[in-house]
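If you read the protein sequences in the order shown, they are chains A and B. Residue numbering for the first sequence follows full-length UniProt numbering, starting at 1 and increasing by one per position. Residue numbering for the second sequence follows full-length UniProt numbering, starting at 1 and increasing by one per position. Beta carbons: idealized from backbone N, C-alpha and C, even for Gly. Down below is the structure, laid out as structure tokens.
2 protein chains.
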Amino acid sequence: MKKYIITGVSLCLLILITNARSFAQIKTMASGIKMITVGAPDKYTPYGFCEEAPMKTAIGALPQAKLPFNINDIKININNRGVIVEVPLGQDEQLYGFGLQMGSFNQRGLKIQPIVNDNPLNDRGYTHAPETFYVSNKGYGILINTARYTTFYCGNTAKLMDNARSNSTKADGNSVAELYKTSNKSSGEVTVDIPGAKGIDVFVFEGPSLMNVLQRYNLFSGGGALPALWGLGVKYRVKADFNQGQVDKMADYFRRNHIPCDVLGLEPKWQTAAYSCSYVWNKDYFPTPNRFIDSMKKKGFHINLWEHAFVSPQSPLYEPLKNKSGNYLVWNGLVPDFADAATRNIFGNYHRKTFVENGISGFKMDECDNSNLAFGSNSWSFPELSEFPSGIDGEKMHQMFGILYQEAIYNIYKKANLRTFMDVRSSGSFASSFPVALYSDTYDHDQYIKMILNTGFSGLIWSPEVRESNSITDFMRRCQTAALSAQMVFNSWYLQNPPWLQINKEKNNENQLMDNAKEIEGDVRQLLAFRMSLVPYLYNAFADYHFKGIPPFRALVVDYPEDKNTYNLSNEYMIGKSILAAPLTEKDKERSVYLPAGIWYDYNTNQKYQGGKTYTISPTLTQLPLFIKEGTILPLAKPVEYIMPNTQFELTCYVYGSKAAAANLFEDDGVTFNYKEGHYNTVTLTWNKNKGTVTRKGQFKAERYIIKKWVVIQ
Amino acid sequence: MKKYIITGVSLCLLILITNARSFAQIKTMASGIKMITVGAPDKYTPYGFCEEAPMKTAIGALPQAKLPFNINDIKININNRGVIVEVPLGQDEQLYGFGLQMGSFNQRGLKIQPIVNDNPLNDRGYTHAPETFYVSNKGYGILINTARYTTFYCGNTAKLMDNARSNSTKADGNSVAELYKTSNKSSGEVTVDIPGAKGIDVFVFEGPSLMNVLQRYNLFSGGGALPALWGLGVKYRVKADFNQGQVDKMADYFRRNHIPCDVLGLEPKWQTAAYSCSYVWNKDYFPTPNRFIDSMKKKGFHINLWEHAFVSPQSPLYEPLKNKSGNYLVWNGLVPDFADAATRNIFGNYHRKTFVENGISGFKMDECDNSNLAFGSNSWSFPELSEFPSGIDGEKMHQMFGILYQEAIYNIYKKANLRTFMDVRSSGSFASSFPVALYSDTYDHDQYIKMILNTGFSGLIWSPEVRESNSITDFMRRCQTAALSAQMVFNSWYLQNPPWLQINKEKNNENQLMDNAKEIEGDVRQLLAFRMSLVPYLYNAFADYHFKGIPPFRALVVDYPEDKNTYNLSNEYMIGKSILAAPLTEKDKERSVYLPAGIWYDYNTNQKYQGGKTYTISPTLTQLPLFIKEGTILPLAKPVEYIMPNTQFELTCYVYGSKAAAANLFEDDGVTFNYKEGHYNTVTLTWNKNKGTVTRKGQFKAERYIIKKWVVIQ
């Protein structure tokens, strides 16, 4: 007797989708992750470009999944115009996600179009990282697997069939606001419009908790990124026209003044052509680039190169890519057909040989989003109607371009067994594993804070860069936010001197330093020292991101999904397991902080606060606005100025409260992927009966952390 | 022997379109108007909804058409994504059009998306009147006959194949502006992206001149609108919550103070429900509506009713339309399927019986555009994914909704042989024949002026409403612009008193009138008197619009297409044949005026100016900024306060210069369509040997105009 074996498909159901008269196939992709397929999905989709294997064991270790509705209640309708997906929505559900949203946080009630864009306006959904993925506080996530421009109506439509004939006689007002107040009642569904599609995959990530949903998503995407350890230090991007000697002087400035810095970023002028790019060292500016890289390395600096992917006729990459590019040019340069892996390889191999093998530790991948449609005339990048040899069109290419660009570059590092931490201006779905931080040319501090939270819903990393500032207060508060983010960057690409010596751009470039420049430099040194002391804790948070899918930075609603006070709280966030950050901006002399259930300690004063309430805080410009959860062991390092492979961190463990849960540290070489083969240690810190204990488990042979002291705070 | 007769198709060619491997059929629709069809165009298109027959005789009387390129050089490509149209573009061509554009004038170099929208931002192409139609100063127009959301790249793309390998080494700057300066070189084509389409009609309107192109377009659309004569007077919209008595008092105010007014507009409260609409008189406010209408009529007032097309469950129209509506609601109201003529008839018949037959002379058709996508969350109206019984989808319905709403209402008046002049917030292509003015909730005075010019390229009428103001200067300059526009409207829907008694909204509503209210009232009376004196001239300009297709208001480039100084001149325009208007705004103490070739007279001072130069003018708040072309006979009327069917205008004819061309006046009953059967006179004014002569030709039996005086200005 023969046995029929079904492989790869754990569960496979067929349901009749009434409108479309199409069959829906439901496939279990991993534990608690299902994919519904109807019709003929596009050839090129976000999931189709995901190169990482799902971390199925870790996914399997999560609590038993469940959905708050029946998966068969998701309606998918294919018509002449495209595909419509309707997902049930409960009355008190809150929705989050859609990639790196800038103008919105809680997405319920909004019409969201996650379309790639360089300068997102308001809350329409335009973003540097268009993810067709949202999550609910009720513990599930929906990902529409399409690279088409898609619209989500998040419970703000009303269908004719839903409408019982209303008897309410509403008293209209006369103001526009009053007249419009009678707007649509919230609908019981999220409706998704995917024009042009002939079929679709809908991924359903189950909970039970919102945190579990995010874990499943990140683990399914290959696990969260684990940046090179040095990436958690400070990055400084020098002025665009600095030459080798000027960069060298800047490096000396950092070391001489004991200001922490791990990475120096070079801006456009390092190349012979930048708009479009040649990817060739400009010898007028950098006569001996490889010697320069080496000498910087010896001083503890990693070098990161700015570029974008539009290939100049002057580039050695032009001829090899000429027949592997789109039919429209950008800045007279080719648009490589990155949908074709062969094209990514050509682009990547050139970068490997020319840069990575000579010690370049990362790239800033610029201009891979698109111009803001709302701005109209000042449009750049390729048209949506572009055609590419692979068959992808310009619209889908726009949505995927940042992802594919990252793959082209990150693959070099993966193959070289070398970790990195890079920068990119566009990302997307299933990108959790990329150690690449997003940045923006926008500069609204409130939005910069909000984006830290929003990345947590979408497997992204956001870098709230510090550039110039309106005032010292503005500058210092921005530095604080940067210090409390995944990547701390000073982007001085148009500043002659570090911004802390002169916050005003014009004066800075005329070398007119502020009278109190040295004082502010000292304050900044203090903030950067804190950043460096946080690195071991942050590194562990990233290890949890990688191995467990837990976002290192996340909104409070992720940890407290049933606490209504967190639903619209977009300016406070969790860092790792136990730290709550509540950054201030220029306009705040003080701010209110909501502390969720439990006891919390003000990091600066050690004052105890009862959770479930809102407090007012007014930290100084050098005090970081942090609260530590009771029961936390917080290991803080003696700050180093930069992180070398053999750097050892001397730690003080702060124990908050009389009882504390064990805390972990992640210990590995910090620069290779050997941890994937188990070459790492889990260092466990426990506090019991007034005694701290350190245990170490794992195959890594060196000790990164030396615990020097335990301090109890009660 | 048998003869094969080809009917309806004057010329029919088949050309091979290489990319698409589809055949293009070129059909001559009228003299100098061709339609290229490729593939399978959509069922619902702008042209498909055009109900007026083209005025072929008038079109045939235009000069011999010709194109600056070979029509076969228009490339049409159908691919998986949709249709791409590429139209040749000469190096020094200037492009205009795309409906009621607000943020742009000369469209060359822009990416334009003519998508219907209630609050267009910047110059991306969003508009109250989305026309997929542009014209060139080289004497042709291109109309893409689609109701899909379409993108036009107006010569701002660069194709790979166009790009000879460039040897230019550009010196990049460091500022963002400098870096981006190397942007795409202008391309030699306009590229049109029509996603989702499977075929397309492209209309080509030939010249030879730009004016001829516009004439062909307007005549092809049924000839320009000829509003009811009273429509050229003053319209005043009363406060939204005024009741019958309050409107009556307002009417008396006008007559008692001798302030011209022909139309009173009622705002939301006249109905029992407004969001959505009941279309039922609110008897609490208007206990005897029909008696009210009659009494107003006797005083020389026409009544116009505000409404929109979203049908409340409280409306008698709800049940009849329930199965003829889209599957989504707006403000809990039905969205009637106006793509179906039967639905338009139900809607129209109700309005005919309930309102028009009782004397309502017009409607203000609000909310028929869509919410601004760029604004994000505050979205209203129906989703693009809506489905309608006729098969049209929400996207196409949005683009057509204003047009179809106008047809539903205007047809009542056409059938009743009754002319009107109405208001609408959305229009589109082939709408030249609608006597309906567009308006907007935006309020930028510079844009309001620019839109007067832009309507001339698109067969539209624009009403730069006066509402509240920042200052007396702001108010008076806005009044001037309104007086020099197609429809003069004071929209006081949120003002207790006329704005000239108090420009400030809050104070106005608290009945705190300005100290100099009576003085400003006098100034306004003076401006309105000028408006009324211009009515015969304006009426003739509209007759030229109807019979010859000449836009009554138009940019200078239309009359002077080879004068480079006119290419970007977006704040001066022609009224009729001989008047040049150059409105000022609040911020202008003075302004520069470019006068094209010829001699011009300052209307206020009679000073002579040599054309081809730019001058500075500084008219007072009661002086209208006008210039009269040498050789003009300008007939100005003794102002009346309102226009009745038997109103006679007493005219003074101003002769500018020693020699003058003959001028015409259009004479008919002013209120019926009988002119279409020839019941009108052409009154010709000639000036010869220092003597004025009046001749009258035609079948109309009465005399509307009495020429009282001739005045020579030299």
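Output yes or no for whether 9 Å exceeds the beta carbon distance between residue i and residue j.
i: A:S390; j: A:A431; result: no
i: A:G631; j: A:A660; result: yes
i: A:D294; j: A:G231; result: no
i: A:V38; j: A:V83; result: yes
i: A:G308; j: A:M397; result: Per the sequence presented here, residue 308 of chain A reads as His, with Gly not at that position. No, the Cβ-Cβ distance between A:H308 and A:M397 is not below 9 Å.
i: B:S426; j: B:H128; result: yes
i: A:N411; j: A:E51; result: yes
i: B:L385; j: B:F347; result: no
i: B:V202; j: B:M35; result: yes
i: A:L89; j: A:G233; result: no
i: B:Y675; j: B:L219; result: no
i: B:I310; j: B:Y275; result: Reading off the sequence shown, one finds Phe at residue 310 of chain B, where the question assumed Ile. Their beta carbons are under 9 Å apart, which means B:F310 touches B:Y275 by this criterion.
i: A:S578; j: A:K613; result: no
i: B:L528; j: B:P260; result: yes
i: A:V263; j: A:I200; result: no
List the DSSP bridge partners of residue i.
i: B:F710; result: According to the sequence shown, residue 710 of chain B is Trp rather than Phe. B:C653, per the DSSP bridge assignment.
i: A:N688; result: A:K691
i: residue 733 of chain A; result: Absent from the structure is residue 733 of chain A, since the part of chain A shown begins at 1 and ends at 714.
i: A:V83; result: A:I78 and A:I194
i: A:Q271; result: A:W281
i: B:W306; result: B:K364
i: A:T622; result: BP columns for A:T622 are empty, so no partner.
i: B:V683; result: B:L665 and B:R696
Can you give the beta carbon distance from residue i to residue j, rounded, assuming they're within the 8 Å contact cut?
i: A:Y126; j: A:N372; result: 7 Å
i: A:Q399; j: A:V116; result: 6 Å
i: A:I706; j: A:L651; result: 7 Å
i: B:L513; j: B:N497; result: 7 Å
i: A:L321; j: A:L305; result: Actually they do not touch by this definition, with Cβ atoms about 19 Å apart.
i: B:R696; j: B:F649; result: Not confirmed; about 14 Å, so no contact.
i: B:Y143; j: B:F152; result: One point to set straight first is that residue 143 of chain B is Leu, not Tyr, in the sequence displayed. About 11 Å separates the two Cβ atoms, so there is no contact after all.
i: A:Y609; j: A:L595; result: 5 Å
i: B:L460; j: B:A581; result: The pair is not a contact, with the Cβ atoms about 17 Å apart (cut-off 8 Å).
i: A:E131; j: A:P114; result: 6 Å
i: B:I26; j: B:R216; result: That pair is no contact at about 16 Å.
At a cut-off of 8 Å, is residue i close to the ligand NAD when judged by its beta-carbon and the heavy atoms of the ligand?
i: B:F553; result: With respect to small molecules bound, the structure shown includes none, and the ligand NAD cannot be examined in it.
What residues from chain D crowd round residue i, counting only those whose CB sits closer than 8 Å?
i: A:P596; result: Absent from the structure: chain D. Protein chains present are A and B.
Contacting positions in the region 69-85 of chain A - beta carbon closer than 8 Å to chain B: N79, N80, R81, G82 and I84
Cβ contact (3+ pairs, closer than 8 Å) linking the region 106-124 of chain B and the region 435-450 of chain B: yes
Using a Cβ-Cβ cutoff of 8 Å, what residues of the region 186-220 of chain B are near chain A? List them in chain order. T191, D193, P195 and G196
Residues within the region 508-528 of chain B neighbouring chain A, beta-carbon criterion of under 8 Å: none
Do three or more CB pairs link the region 505-525 of chain B to the region 591-611 of chain B at distances below 8 Å? no
Do the region 657-671 of chain A and the region 533-552 of chain A touch if we need at least three Cβ pairs shorter than 8 Å? yes
Below 8 Å, can you find three or more Cβ-Cβ pairs linking the region 104-113 of chain B to the region 196-212 of chain B? no
Is it a yes or a no for the region 129-148 of chain A touching the region 474-486 of chain A, going by three-plus beta-carbon pairs under 8 Å? no
May I ask you to list, following chain order, the residues of the region 629-653 of chain B that have a beta carbon less than 9 Å from some beta carbon of chain A? none
Pair every Cβ in the region 278-296 of chain A with every Cβ in the region 615-623 of chain A, then say whether three or more of these pairs are closer than 8 Å. no
May I ask you to list, following chain order, the residues of the region 425-447 of chain A that have a beta carbon less than 7 Å from some beta carbon of chain B? none
Any C-beta of chain A within less than 9 Å: which residues of the region 278-291 of chain B qualify? none
Residues of the region 142-158 of chain B in Cβ contact with chain A at a cutoff of 8 Å, in chain order, please. T151, Y153, N156, T157 and A158
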